[in-house]
Amino acid sequence: MGAAGQDSGCNSVKTEQQEEKTMEINIFNTNKKYDVIYADPPWRYNDRKCNGACEHHYDTMTLEEIKKLPIKELCEKDCVLFLWTTYPMLKEALEVMEAWGFKYKSIAFQWIKLNRSGNGKFFGLGRWTRGNTEPCLLAVKGKPSRKSNSVSQLIEYPLGKHSAKPPITRDKIKELMGEECKCLELFARNNIEGWDCWGNEVGKMDEVI
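First residue of the sequence shown: 11, per my numbering; consecutive thereafter.
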């Protein structure tokens, strides 16, 4: 998850060499259309403790800033959105889906977090019960269709660097929607073959893939 809002520096002037290294496309200036949008927004929490922990690692964005991103213009007529969120931000995630022109359908993936060693399940402290899982929601625009009916919702994967999601999620999306589908990752931190990406931290975590 890398913040990449229009007001958070993503449109700052860069040399051609810098642009090539850090960003595949500029979502504010492109004619490209995608079958799949994959997003891990840098949610800003109302909880000061949670928000402070996030902002120590990356720039966060307000709900309105995320909703105002020009995602509608990036979508093919039939398009699928895969949107990471957390349980405290479920309501906001649904608002973002609607603002971007999508209709909520299901939980695409449920990340069961393992300890960094890979041995045993991780458990956070939580405000109520001790949390573990994190959902990636699925929403659609138009009438897209899956290419495989054997993709599991569950992802068991160790914790990575702060907020980093399991890289196998991209593989599962490609399996579900087809290798030929045109995919865009928003708020990306990695350059991934077969994916266009956008964000102010693109390439920051390439060494961990």
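Using N, Cα and C, we set each Cβ at its ideal position, and we do this for glycine too.
Asked	Found
Alpha-carbon spacing of K123 relative to L147, whole angstroms	17 Å
Straight-line gap, N201 to P80 (C-alpha atoms, nearest Å)	22 Å
S160 versus K87 - alpha carbon distance	25 Å
Cβ shell of G188 (< 7 Å), same chain only, five flanking positions each side left out	K157
Alpha-carbon to alpha-carbon, Y97 and W53	12 Å
Nearest residue (CA-CA) to K1, options R140, K82, A149, E105	What the structure shows of the chain is the stretch from 11 to 219, and residue 1 is not part of that stretch, so it cannot be assessed.
Three CB pairs or more closer than 8 Å across the segment 203-212 and the segment 32-42	yes
Burial state of D181, where buried means 16 or more other Cβ atoms lie within 10 Å	exposed
Exposure of L100, with buried meaning 16 or more beta-carbon neighbours within 10 Å	exposed
Close beta carbons around C223, own chain, < 6 Å, minus the five adjacent residues each side	This structure cannot settle anything about residue 223, because the visible part of the chain is limited to 11 through 219.
A103 - DSSP class collapsed to helix/strand/coil	helix
One or two residues paired with Q120 in a DSSP bridge	P145, L164
Paired residues, beta bridge with L186 - DSSP	The partner list for L186 (beta bridge, DSSP) is empty, contrary to what the question assumes.
Cα-Cα separation, N125 to D69	26 Å
Cutoff 8 Å; reference P154; Cβ partners in own chain excluding five residues on either side	D45, D88, C89, V90, M187
Bounding residues of the alpha helix (DSSP H) (the contiguous stretch that carries L73)	73-77
Within 8 Å, strictly: CB atoms of P168 and G128	yes
Beta bridge counterpart(s) of C222 as assigned by DSSP	Given a span of 11 to 219 for the chain in the structure shown, any question on residue 222 remains unanswerable.
Rounded separation between K77 and E195 - CA only	16 Å
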